[in-house]
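What follows is a set of notes on a single structure, which appears directly below.
Numbering (UniProt numbering), first residue to last: 1 to 92.
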């Protein structure tokens, strides 16, 4: 990464309030600002709990449906000719 690219990234982070930069001559000291990251972490944690709860409910529902489907009798698989009438009234 070039110095110009690194400088550009640092300016973006600084503008977003994620870092604080101190300049002393040619030395730039960057410090992480934990406040905005803590806010983002809280937001992510809320939605993680939200979606985990909903996905757990969905999993339970799907497991119940799967268990119910496995208890249902299987449809007949007879190879005998059908005795149902077609639209023209003919027997199959």
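Ideal placement from N, C-alpha and C gives every residue a C-beta, glycine not left out. Please read all numbers here as calculations on a predicted model, not as lab measurements.
{"Query": "Whether residue 19 touches residue 31 by CB criterion (8 Å)", "Result": "yes"}
{"Query": "Runs of beta strand (DSSP E) wholly within the stretch 21–45 (minimum 3 residues, chain order)", "Result": "27–32"}
{"Query": "Straight-line gap, residue 60 to residue 16 (C-alpha atoms, nearest Å)", "Result": "41 Å"}
{"Query": "Candidates 25, 6, 21 and 44: closest to residue 33 by CA position", "Result": "21"}
{"Query": "Straight-line Cα distance separating residue 4 from residue 11", "Result": "11 Å"}
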